[in-house]
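Visitor: In the working numbering, the protein residues as written are 10 to 121.
Structure in C-alpha cells, see below.
Written as C-alpha cells, this is what we have:
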C-alpha cells in the first residue's frame with residue numbers, strides 16, 4: 010500500500026481526478042483495518058519499523074504493551090521492566106528479548 014500511495018503522489022495533477030480520489034478512498038479504508046493496537050505493537054517490535062514513529066505513537070505503544078503485560082499476568086515490577094526495555098529498544102540501546110519473555114509468560118501466546 011505504501012508503494013501505491015507513493016506512486017499516487019507522483020501522478021500529475023491533470024491525471025483523472027475521479028480515479029485518484031477513488032484510490033485514495035480505498036487506501037484510507039484499508040489503512041483503517043490496520044489501525045489496531047496489536048498491529049501497531051507488532052510493527053514497533055520489528056526492527057525495520059521502530060524508528061519510523063510519528064508524533065504521539067510512542068505513548069500509545071507503551072499503553073498497548075502495558076495491556077499486553079497485564080493480560081499476560083505480569084505484576085507492576087515486571088511491567089516497569091517491560092517499559093524500560095521498550096524504551097531501550099526504541100533508542101537502539103539493546104536487542105529486544107522482550108517478545109520471547111512475553112510469549113513464555115503467556116503460555117506461548119502473545120495476543121489474547
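Built from N, CA and C at the ideal position, the CB exists for glycine as well.
These numbers come from a predicted model, not from an experiment.
If residue 66 sits next to residue 95, beta carbons under 8 angstroms apart, how far is it from one beta carbon to the other, in whole angstroms?
Guide: Actually they do not touch by this definition, with Cβ atoms about 12 angstroms apart.
Visitor: Just curious, the alpha helix (DSSP H) that residue 35 is in, first and last residue?
Guide: 26-42
Visitor: Roughly how many angstroms separate the alpha carbons of residue 17 and residue 63, rounded to a whole number?
Guide: Their Cα atoms are separated by approximately 21 angstroms.
Visitor: Helix, strand or coil for residue 86, going by three-state DSSP, please let me know.
Guide: helix
Visitor: Would you kindly work out how many angstroms separate the C-alpha atoms of residue 50 and residue 91, rounded to a whole number?
Guide: Roughly 13 angstroms between the two C-alpha positions.
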